[in-house]
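Presented below is the structure to which this report refers.
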Amino acid sequence: MTSVHPPAAPGRELSNPPTDGISNLRFSNHSDHLLVSSWDKTVRLYDASANSLRGEFMHGGPVLDCCFHDDSSGFSASADNTVRRIVFSYGKEDILGRHDAPVRCIEYSYAAGQVITGSWDKTLKCWDPRGASGQERTFVGTYPQPERVYLLSLVGNRLVVATAGRHVNVYDLQKMSQPEERRESSLKYQTRCVRCYPNGTGYALSSVEGELQWSSLISQRPVKPKSMYAFKCCRKSQAELDIVYPVNAIALHPVYGTFATRGCDGFVNMWDGNNKKRLYQYSKYPTSIAALSFSRDVRLLAVASSYTFEEGDKPHEPDAIFVRSVNEIEVKPKPKVYPNPPA
Amino acid sequence: MLNQYSEQFERIETTCGSLLCELQKIWDEVGEVDGQRDTILFELEQECLKLYMKKVDEAKECRTKLQRDIAIAKAEISDICISMGENSVNHVLKPVRNLKEELETISPLLEDMRRKKVERINQYVGVVEQIQKLSNEILGVKEQNGNKVLVDETNLSLRRLEELHTELHELQNEKINRLNQVQDHINTINSLCTVLGMDFKQTVCRIHPTLDDLNGEKDASNNTIARLAAQIQSLQELKIKRMQKIQDLASALLELWHLMDTPVEEQQVFLNVTCKIAASEPEITEPNMLSIDCIKNVEEEVSRLQRLKISRMKEIVLKKKVELEDMCRRTHMVMEALISADYSIEAMESGAIDPLYLLEQIDLQISKVRVEAFSRKEILEKVEKWLAACEDESWLEEYIRDDNRYNAGRGAHLTLKRAEKARAVVNKIPAMVEVLTLKTTAWEKERGTEFLYDGGRLLSVLEDYSSLRQGKELERQRQRDQKKLHGQLIAEQEALYGSKPSPSISGKKASRTSTAAASNRKLSLGGAMLQQVKPEKLASRLHPSKKADYLNENSLVNHQRSSGFATHSGRRSSEVSGRVVKKQPPVTAKVRGIESSAVRKPLSPVSFAVNSNTDIVNFIEDQKKVQNRQRLDPGCKTPTGMPSKPSLIGNDENRTPKAMPIPMPTTPSTVSAPMLMEMTPATPATSGAYKVERIVEQVQQIEYSFEEVRAGFFLS
């Protein structure tokens, strides 16, 4: 289209992208492998650095989430109510267990060696993948939630659960019987993404109305006096009307604590949370950005450009996955600048 | 034959002999003399001989003629053969007996050869004519009628004919090539003409009228081709010129778009132009892409944008100017020649000054002023304080002159208190002035310039003030001396009547707040005080006591409101809110700083909408539309199942604990901004209450995420 500023390459586009909406993507903790779940009922495994499709695993229904176990296997949460374990090398998959409703999200805790799934049946379930196949032997426990579980985020033993109705529950995986904290999201609208800080002291929430909130856990609160704040992003002024876009997800930089947001406006922004400044805006992607993930060494950022159905069924750009390399300068917080040295 | 002829001869001889015999007889009879007889016989012999000789000569002549004819015919035949390149007559005649026969055999042969020759010549003429025609066409020479084709009759060989044929063939090929070339040229011209928006027919007809005809034979002469090529060249040059022009325009356009954030809809119109910004000459093929109209259009757009840019620039310059002026005013600097005449807008409009340069200059000035302001800050603060103190002093003087000051009117004790404070402040003035003088001198020394305050030198002002004060001091001294004299008189009287009790000065704060129904006078004083406080951003740090006052007043207002002093409190509260609003801008400015990247006008309705919005929005509906509608009519119950207004308000109050105790309906957006930014967590008590409400709301409306909507997952 316009050649105003020939957009800086949005990154390498992976070949063989999923044929329908991308629900999530994650980098492995050990390599540059990328696990992608999609509404086309598949989970795909890519080698991001080699740009090759390593495997494709069909499911009974749309796959809503996926995560790595280790480099040889992973887990998936499917809309056909099942939780599956996928062994990449054999292409083998076995069912870990079932929920009563579509499984929305899944996390694997290296600390506890458990898979945690959240479902629209208003429960959280834990599974032990080391047990043999079959629900009876892998099942660890089920924990009722106040509402349909939308999102999970996990760091170490700390688990943050976000549900419909803006509830946020914080659990310690070692004491799952009671939530460590029960909270309300202080954002006004439905929670769209939640991410724990890499250091486990808090979490970031985003809403469908383009708000983002930083929040420390109560137990950690004394560390930082100003522990909670929110700000708006993913907004665009157009004429008289402010268009707000859902913030589809957040990716936190494990070292600097800066974070990337991406939303339905197709932009990826890097923010410096401490200074409340935007560091960098990547060029616009063709459509909504459904998911985002930093690789383990933060050299790569995977961006799923995929329509997230925020405006119902409508024609949209084809789904694509971009992998771009991350410059230090894009993610490093800028030193605070004092316009007037304090007198 | 011979026999026949010899018989004939014999017969002739016999006839002659018989005749002689008869003559002998006759003579004998006559008796002719012998002489006579000899003479007659001689004559007779002579005459006979003569006759014979004549006939022989005739026969000889005839033979020679025949021989000559034959030779001529033979020569002609061989000539023709040679010219036709055939081997000379080896079909040589069968042996003939005599000449006549030979002639007879040769003449048909000759006829034949002649016919052949004519045929050959005709062939030649045909070919040569064609050749001539073609070469004429190629050379562009008009055909001259009557210019008979000359054929070299000496060389009519088949080989030559072959050569001529190949020549003809070559010429024909060349003709075809040329036609193709012409067609190519015409096509090129056509495409160039379409791109340049010119009339193709006219262009081509000017070169040659036949070229326009689609099916007709086209002129392919050297001249035409050369002219076509020249035309193409010139068109191409024109195209390149226009292309460069349009690309220049396009880049200007892009720059302007970029500069002014032109909306995409507006850009769309010129996308076809801008997408060719880097295109090379052959890449531009769209019809009318480079037409004069198109270029004119783009030019107009560019000039329009330029005008827009200049007007915006003007706005910016004006804004910057205002900012500069404001800054100067705040730091009490005079903008000497900062904004001289040539910085004026008129100059910019007339093009005398590049607005960019002007902007740069103003920016430079601003930064200079800022630096300057920073260095002056400390002194200015002190000056501020000093001026306030001076004001207090003058008020105090006024007050002291008021003889009724000790009348116990309403609020008199407050005035007393103020006077007491003012006295304390006034006492500090000399020290203040001294410090100020020191600082100023230091500053001046450091800078090497005079410290100007509103155009005057601060030091001289201070000096004036000190001399004035000294004068006053002297005056006071005199008065005191007089008083002392007077006092001695009074002391004498006191000795008689006892001393006066001194007025108690220490009023309690609590009593003040409870009874402060505040006289008009006090209110205006308070207002004045706050007016002085207002410009200082760091009010709380510098004047903790005043800040406390301010808070006190707030709570006071609250108290008053609850106890229902209708008229009075109304005035107060409006005043207070006015003040709050005045204090608001720095806060909002800070807010804006935080979210500087997410561009939003500070007073734009979104924050209001967000504030009054509920969290339960039906996402299946078009979210933005809903929000828009809500924004337009926030109180109205929309058909999308928004909760009714009462629950909405309750909701709001429960969730966001108010930082301000006073609801301010006039300025909701400015107040809501800080609340949005620093959200305090809901206390457990309120969240509990809120939960109950939520459950009620959930009965009305269940929210779904995009995924649930897509997966068709709905709660039954």
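Protein sequence lines correspond, in order, to chains E and P.
Residue numbering for the first sequence follows this note's numbering, beginning at 469 and increasing consecutively.
Residue numbering for the second sequence follows this note's numbering, beginning at 897 and increasing consecutively.
By construction, the Cβ of each residue, glycine as well, lies at the ideal position given by its N, Cα and C atoms.
One or two residues paired with residue i in a DSSP bridge
i	result
M526(E)	T510(E)
G678(E)	Per DSSP, none; premise fails for G678(E).
L493(E)	V504(E)
I757(E)	S773(E)
F1610(P)	DSSP lists no partner for F1610(P).
D765(E)	In DSSP, D765(E) forms no bridge with anything.
M738(E)	A728(E) and Y748(E)
G565(E)	V551(E)
S577(E)	Q582(E)
C535(E)	F543(E)
A672(E)	R663(E) and W682(E)
S793(E)	L768(E)
P782(E)	Sequence inspection shows Lys at residue 782(E); the Pro mentioned does not correspond to that position. Paired residue(s): none; K782(E) is not in a bridge.
E481(E)	F790(E)
L521(E)	Y514(E)
L720(E)	F727(E)
Anticipated Cβ contact below 8 Å, residue i with residue j, distance rounded
i	j	result
T1120(P)	H1104(P)	5 Å
I1180(P)	V1091(P)	6 Å
L1067(P)	L1030(P)	4 Å
C502(E)	S577(E)	Residue identity differs from the one stated: residue 502(E) is Leu in this sequence, not Cys. Wrong, their Cβ atoms sit about 21 Å apart, outside the cutoff.
Q1026(P)	L1088(P)	In fact, because the Cβ distance is near 35 Å, the residues do not count as touching under 8 Å.
F495(E)	A770(E)	6 Å
I574(E)	F543(E)	5 Å
Partners in chain P for residue i, counting only beta-carbon separations shorter than 9 Å
i	result
P570(E)	E1603, E1604, A1607 and F1609
P801(E)	Within chain P, no residue comes near P801(E); the closest Cβ sits about 14 Å away, beyond 9 Å.
Proximal residues of chain P, C-beta to C-beta of residue i below 7 Å
i	result
W588(E)	E1604 and F1609
A532(E)	Contrary to the premise, residue 532(E) reads as Leu rather than Ala in this sequence. Those within 7 Å of L532(E) in chain P are E1603.
T776(E)	F1602
A547(E)	A1607
Y618(E)	S1601
Proximal residues of chain E, C-beta to C-beta of residue i below 8 Å
i	result
E1197(P)	Under the 8 Å cutoff, chain E gives no residues; its nearest Cβ is about 15 Å from E1197(P).
E1599(P)	A632, G633 and Q658
Residue i beta carbon near the ligand SAM (any heavy atom closer than 6 Å)
i	result
T669(E)	In terms of ligand content, the structure shown is empty, and the ligand SAM therefore cannot be addressed.
Under 9 Å from the C-beta of residue i: neighbouring residues of chain E
i	result
E1177(P)	None at all; the shortest Cβ gap to chain E is about 17 Å.
Where are the alpha helix (DSSP H) runs, 4 residues long or more, that stay fully inside the region 586-663 of chain E, in chain order?
603-606
Any contact of the region 1193-1204 of chain P with the region 1108-1128 of chain P, i.e. 3+ C-beta pairs under 8 Å?
No, because fewer than three Cβ pairs between the region 1193-1204 of chain P and the region 1108-1128 of chain P fall closer than 8 Å, the two stretches do not touch.
Measuring CB atoms only, is the region 761-774 of chain E touching the region 484-495 of chain E, in the sense that at least three cross pairs come out at less than 8 Å?
yes
Go through the region 1324-1400 of chain P residue by residue and report every complete run of the beta strand (DSSP E) that reaches 3 residues or more, in order.
none
Sufficient close CB pairs (3 or more, under 8 Å) joining the region 523-541 of chain E to the region 563-571 of chain E:
yes
Ranges of the beta strand (DSSP E) found wholly within the region 1240-1315 of chain P, counting only runs of at least 3:
Listed in chain order, nothing qualifies, since the region 1240-1315 of chain P has no complete beta strand (DSSP E) run of 3 or more residues.
Complete runs of the alpha helix (DSSP H) confined to the region 1160-1231 of chain P [at least 4 residues]:
List check, alpha helix (DSSP H) in window: 1160-1164, 1167-1170 and 1188-1226.
Give a yes or no on contact between the region 1057-1077 of chain P and the region 1015-1027 of chain P, applying the rule of three or more CB pairs nearer than 8 Å.
yes
Can you give, in chain order, each stretch of the alpha helix (DSSP H) that sits fully within the region 1039-1116 of chain P and has at least 4 residues?
1054-1092 and 1096-1103
Please confirm if the region 621-634 of chain E is in contact with the region 654-665 of chain E, defined as three or more CB-CB distances below 8 Å between the two stretches.
yes
I want to know whether the region 1339-1358 of chain P touches the region 1302-1313 of chain P - three or more CB-CB distances under 8 Å.
no
Can you confirm whether the region 1124-1137 of chain P touches the region 1164-1174 of chain P when touching is taken to mean that 3 or more C-beta pairs between the two stretches lie within less than 8 Å?
no
Pairs of beta-carbons, one from the region 1265-1278 of chain P and one from the region 1294-1301 of chain P, closer than 8 Å: are there three or more?
no
Count Cβ pairs between the region 780-787 of chain E and the region 494-501 of chain E that sit closer than 8 Å; are there 3 or more?
no
Determine, using beta-carbon pairs with one atom in the region 746-764 of chain E and one in the region 715-734 of chain E, whether at least three such pairs fall under 8 Å.
yes
Check whether the region 578-589 of chain E and the region 616-623 of chain E are in contact - that is, three or more C-beta pairs closer than 8 Å.
yes
Whether or not the region 504-517 of chain E and the region 534-550 of chain E are in contact is what I'm after, with contact meaning three or more pairs of Cβ atoms, one per stretch, closer than 8 Å; do they touch?
yes
Check whether the region 967-974 of chain P touches the region 922-942 of chain P, counting contact only when three or more Cβ pairs, one atom from each stretch, lie closer than 8 Å.
No: the two stretches stay apart, fewer than three of their Cβ pairs being nearer than 8 Å.
Restricting to runs no shorter than 4 residues, where is the alpha helix (DSSP H) found entirely within the region 953-1015 of chain P?
Whole alpha helix (DSSP H) segments, 4+ residues: zero.
For the pair the region 1138-1153 of chain P and the region 1065-1080 of chain P, tell me if three or more CB-CB distances fall below 8 Å.
no
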